[in-house]
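Numbering that gives the first Met the number 0 puts the first residue of the sequence shown at 0, with every later residue one more than the last.
We treat Cβ as the ideally placed atom computed from N, Cα and C, and that holds for glycine.
Note that this is a predicted model, so its numbers are computed, not measured.
Below: the structure, in structure tokens.
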Amino acid sequence: MLRTHTLKAGLALCIAALSTSAIAQVDTHRLNGNRIDIESVDRVLVGEHVRIERFDTPNGQFDLELDRVEVLTPGARLELGTADGIVDLPRPEVVVLRGIVAGDADSIAYIAFSPYGTNGFIRQNDELISISTGPYAQGIELDAALKTAYMADLVDPDNGPVSACGYTNGDVQLEPMGLPEQAVQTTPRGGATCRIAGIAIETDYEYTERLFNGNTNASAAYVISLMGAISEIYERDVNNRLAVPYLRVWESDTDPYDANTGDPLDQVLNHWNGNMTDVDRTVTHFFTGRQNTSYGGVAYVGVLCNMEYGYGVSAHLSGSFPYPLVDHNGGNWDVVVAAHELGHNFGTGHTHSYTPPIDGCGNGDCSDPYGGTIMSYCHSCSGGLTNTVLSFHDRVKTTIVNFMDSSGCNLIGEGVSAADDIVETLQDNALDIDALGNDASQSCDPFMLDSFESTTLAGGSVELLAGQGTSGQDMFRYTPPAGYSGNDAFSYTIIGDSGSSTANVNIDVRQLRAADDRLNPIDGLSVDFYELSNPSALPDFDAMTPYMSDVVTSVDFGSTGGEFMNSGRSDEIGAVFKGYVWALIDGVYTFTTESDDGSALYIGDERVVDNDGLHGMVKRSGSIPLSAGWHALRIEFFENGGGAGVISTIAGPGMPEQNLTGLLLSHESSAQCSVADFDLDGDLDFFDVAAFIEAYNTQSDDADLNGDGELNFFDISDFVVAYETGCP
Numbered sequence: 000m001l002r003t004h005t006l007k008a009g010l011a012l013c014i015a016a017l018s019t020s021a022i023a024q025v026d027t028h029r030l031n032g033n034r035i036d037i038e039s040v041d042r043v044l045v046g047e048h049v050r051i052e053r054f055d056t057p058n059g060q061f062d063l064e065l066d067r068v069e070v071l072t073p074g075a076r077l078e079l080g081t082a083d084g085i086v087d088l089p090r091p092e093v094v095v096l097r098g099i100v101a102g103d104a105d106s107i108a109y110i111a112f113s114p115y116g117t118n119g120f121i122r123q124n125d126e127l128i129s130i131s132t133g134p135y136a137q138g139i140e141l142d143a144a145l146k147t148a149y150m151a152d153l154v155d156p157d158n159g160p161v162s163a164c165g166y167t168n169g170d171v172q173l174e175p176m177g178l179p180e181q182a183v184q185t186t187p188r189g190g191a192t193c194r195i196a197g198i199a200i201e202t203d204y205e206y207t208e209r210l211f212n213g214n215t216n217a218s219a220a221y222v223i224s225l226m227g228a229i230s231e232i233y234e235r236d237v238n239n240r241l242a243v244p245y246l247r248v249w250e251s252d253t254d255p256y257d258a259n260t261g262d263p264l265d266q267v268l269n270h271w272n273g274n275m276t277d278v279d280r281t282v283t284h285f286f287t288g289r290q291n292t293s294y295g296g297v298a299y300v301g302v303l304c305n306m307e308y309g310y311g312v313s314a315h316l317s318g319s320f321p322y323p324l325v326d327h328n329g330g331n332w333d334v335v336v337a338a339h340e341l342g343h344n345f346g347t348g349h350t351h352s353y354t355p356p357i358d359g360c361g362n363g364d365c366s367d368p369y370g371g372t373i374m375s376y377c378h379s380c381s382g383g384l385t386n387t388v389l390s391f392h393d394r395v396k397t398t399i400v401n402f403m404d405s406s407g408c409n410l411i412g413e414g415v416s417a418a419d420d421i422v423e424t425l426q427d428n429a430l431d432i433d434a435l436g437n438d439a440s441q442s443c444d445p446f447m448l449d450s451f452e453s454t455t456l457a458g459g460s461v462e463l464l465a466g467q468g469t470s471g472q473d474m475f476r477y478t479p480p481a482g483y484s485g486n487d488a489f490s491y492t493i494i495g496d497s498g499s500s501t502a503n504v505n506i507d508v509r510q511l512r513a514a515d516d517r518l519n520p521i522d523g524l525s526v527d528f529y530e531l532s533n534p535s536a537l538p539d540f541d542a543m544t545p546y547m548s549d550v551v552t553s554v555d556f557g558s559t560g561g562e563f564m565n566s567g568r569s570d571e572i573g574a575v576f577k578g579y580v581w582a583l584i585d586g587v588y589t590f591t592t593e594s595d596d597g598s599a600l601y602i603g604d605e606r607v608v609d610n611d612g613l614h615g616m617v618k619r620s621g622s623i624p625l626s627a628g629w630h631a632l633r634i635e636f637f638e639n640g641g642g643a644g645v646i647s648t649i650a651g652p653g654m655p656e657q658n659l660t661g662l663l664l665s666h667e668s669s670a671q672c673s674v675a676d677f678d679l680d681g682d683l684d685f686f687d688v689a690a691f692i693e694a695y696n697t698q699s700d701d702a703d704l705n706g707d708g709e710l711n712f713f714d715i716s717d718f719v720v721a722y723e724t725g726c727p
């Protein structure tokens with residue numbers, strides 16, 4: 000019987016990171032509004048309360064009652080792309096404070112501080128006041144640069160987007176699930192169900208280089224500020240907060256995206272579907288620094304929780320905006336485009352495509368553009384973005400809420416919701432698990448850990464690591480049963496004011512693959528070439544005869560329209576690379592193939608990378624636990640027509656991603672199929688028996704099959720076993 004631990008201790012600090020209450024006060028700090036900076040507010044912990052006194056504004060001095068909140072989920076996965084591969088990105092220094100003007104419960108106050116800029120706003124009595132240090136600039140004195148001003152004084156009606164959305168109503172490619180029903184009228188309803196959507200953020204090198212002079216800390220901080228701004232729109236209009244569970248920025252020009260040609264939406268879809276399926280998210284949004292796209296943004300429609308099509312792109316970014324979200328402000332393009340494209344993901348089309356149309360701006364009618372909403376094209380009329388109100392039209396709100404209600408996407412209602420976790424570890428290796436991290440991103444209420452199973456289904460153990468999570472949440476340490484490999488699981492329960500929820504932690508305990516024995520190894524890989532006829536997928540190469548063979552020292556052949564390698568062919572060709580790959584130490588190794596057209600990579604008989612089918616240069620990956628030593632490697636490749644190329648890489652413990660090349664590779668030097676194949680003809684027959692007997696009788700080292708320096712019964716036994724086993 001499984002034992003259960005019940006926890007009586009205090010509240011784990013998880014969802015407090017996402018709390019938006021301006022009333023709840025955990026601890027109160029007092030700061031002078033005339034001497035406020037990142038150092039002073041950084042002392043306020045997530046969930047704590049701060050009173051900023053005598054904060055200067057054009058309307059005089061205000062006292063602000065604020066709570067520190069968080070945009071990133073507590074367990075957010077943050078990554079930095081470098082020339083040496085992907086490494087962890089330190090959690091960006093951003094302090095987000097949100098609340099009210101003291102004594103005015105109807106007001107809104109928001110300030111986000113980072114070492115690279117401060118942005119915020121105050122809204123009171125229909126007046127909007129900007130709080131900003133301006134665009135990013137290295138070396139700027141932020142305390143001196145901090146200014147407040149009426150938003151009406153900051154409007155630039157000529158500062159509008161350079162291009163429109165790339166989606167048009169009826170575009171079936173961008174409506175893979177069909178267009179959700181667009182509301183004909185506003186549906187009266189009470190308060191919409193509280194929901195939280197996890198928006199994974201991808202960027203490219205150009206985003207950081209062009210907008211932030213290569214400063215990845217600044218570019219990451221801006222994404223957090225931007226997503227916090229957009230989250231305000233969604234929470235205010237449809238009661239759906241946006242939390243960021245994944246963020247990646249690039250310090251070197253090594254991202255997988257072509258900055259010169261191609262559609263960024265296709266590129267991010269291909270890369271993420273092939274390599275990033277392990278990222279838990281509702282949708283993915285790609286912020287690109289490119290300015291050569293035909294659109295300002297584009298997204299698939301109605302794709303929440305759709306891992307195949309849940310993508311959108313924001314391009315032509317400015318890297319700054321006059322925070323807050325100000326109605327009729329000409330400089331809010333970054334906010335508008337990202338909120339607009341996410342709106343498509345959430346199930347809505349453009350306002351001019353509704354029946355009847357909400358406005359006529361997108362249909363060429365610019366007679367009344369002022370007051371256009373986020374999903375409108377009124378920014379294309381005279382006045383630009385000064386026409387746009389940063390909110391969704393009431394019918395659009397109804398459409399989005401209806402879609403969330405019916406989509407089947409688990410965006411969570413009121414209360415707490417524990418989300419299942421899937422993790423993996425190696426045989427006999429303990430693992431620390433941040434199971435409550437994704438619960439924080441999915442729950443609308445504060446919660447605490449109530450209980451957990453201390454013994455797993457397979458007989459492993461679970462112990463509590465109290466308060467050891469990145470934001471102070473509890474964690475678990477899982478230890479598998481000795482010698483066990485396979486699936487294991489345990490459950491835990493969280494509890495909040497409105498109830499409790501239980502989730503499962505599923506663990507894949509993986510066994511290290513044993514290293515292979517090599518017979519007569521030499522450097523490189525053997526490669527066989529095959530003539531194909533109009534292939535669309537990898538054929539059964541074992542049933543075919545190669546027309547030529549070669550040896551290569553690496554698998555690094557970029558796409559070319561000419562002859563592929565030294566094959567004598569440029570189209571309708573297949574290739575099979577065979578040999579061994581070296582694992583330096585025990586651990587999990589990740590392999591990739593990037594190919595045009597299809598490819599697959601095997602370790603032994605296990606297909607680790609599946610990159611099959613007709614496509615351009617697409618990169619896909621897979622992982623496998625390997626013991627130290629040599630492992631049988633096989634890479635299959637085919638090309639139908641056009642460019643042909645295949646590149647393969649390896650990464651592992653202490654080994655950043657690198658091409659399969661050099662000392663990492665080897666292959667057999669002959670056709671010997673077994674130690675019993677004494678005449679090296681690939682077959683086991685009488686001649687091999689005769690050759691072994693002769694070698695044994697003449698005391699030849701060739702007959703010392705176990706390598707102990709002696710010829711005896713054990714060598715004869717090894718020969719008999721190998722002979723009976725036969726060639727593979």
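Counting other Cβ atoms within 10 Å of its Cβ, S716 stays below 16 and is therefore classed as exposed.
When the beta-carbon positions are compared, P624 and V587 come within less than 7 Å of each other. Judged by DSSP secondary structure, L524 falls within the beta strand (DSSP E) whose first and last residues are 524-530. Rounded to the nearest angstrom, the Cβ distance from H392 to T372 is 4 Å, consistent with a contact under 8 Å. V43 sits in coil when the DSSP states are folded into three classes, being neither helix nor strand. Going by C-alpha positions, N214 is about 11 Å away from S251. With a beta-carbon spacing of about 7 Å, S594 and V617 fall inside the 8 Å limit used to define contacts. For the region 376-460, the full-length beta strand (DSSP E) segments reaching 3 residues or more read 420-425, 430-432, 447-452 along the chain. In the same chain as G603, and ignoring 5 residues on each side of it, the C-beta atoms closer than 6 Å to its own belong to A631, in chain order. Here R568 carries a coil assignment [DSSP, helix/strand/coil].
In the structure shown, R517 adopts coil according to DSSP, grouped into three states. One Cα belongs to D364, the other to G59, and the distance between them is close to 42 Å.
Secondary structure note for L225: its alpha helix (DSSP H) is the uninterrupted segment 215-237.
In this structure, I99 places its C-beta atom within 7 Å of the C-beta atom of E64. Nearest to S131 by C-alpha distance, out of L430, D55, G640, M306, is D55.
Closest in C-alpha terms to A242, from the list W249, E231, V248, I584, comes E231. According to DSSP, residue pairing for F489 in a beta bridge involves V504.
Two segments are said to touch when three or more pairs of C-beta atoms, one from each, lie closer than 8 Å; by this definition the region 77-91 touches the region 650-658. Residues A457, G458, G459 of the same chain have their beta carbon placed closer than 7 Å to that of P480, with the five preceding and five following residues left out of the count. Closest option to D419, judged by alpha-carbon separation, among V551, T283, N519, F489: F489. Distances from the alpha-carbon of Y477 to those of L463, P538, L246, Y115 put L463 closest.
The three-state secondary structure of E723, taken from DSSP, is helix. About 5 Å separates the beta carbon of F691 from that of F718, a gap short enough to meet the 8 Å contact definition. Put simply, of D515, N238, E693, M564 the residue whose alpha carbon is nearest the alpha carbon of S665 is D515. Between A582 and G651, the beta carbon gap of about 7 Å places them in contact (Cβ cut-off 8 Å). A contact between stretches requires three or more CB pairs, one per stretch, nearer than 8 Å, and the region 210-228 meets this requirement with the region 110-120.
Around L30, the same chain offers S39, V40, V49, R50, I51, E52 as residues with beta carbons nearer than 8 Å, after the five sequence neighbours per side are excluded.
The beta carbon of D527 sits closer than 6 Å to the beta carbons of P545, S548, V575 from its chain, once the five residues preceding and following it are set aside; these are given in chain order. Here A434 is near F475, since their CB atoms are less than 7 Å apart.
Under the three-state reduction of DSSP output, R34 falls in the coil class, being neither helix nor strand.
Ranking H614, S553, L683 by CA distance to the CA of I649 puts S553 first. Between the alpha carbons of C726 and E571 lies a distance of about 31 Å. Taken through DSSP and simplified to helix, strand or coil, N658 comes out as strand. Cβ neighbours of T492 within its own chain (closer than 6 Å, five residues either side excluded): D449, S450, S499, T501. By the criterion of at least three beta-carbon pairs nearer than 8 Å, the region 205-219 is not in contact with the region 234-241. T697 and L679 have their C-alpha atoms some 19 Å from each other.
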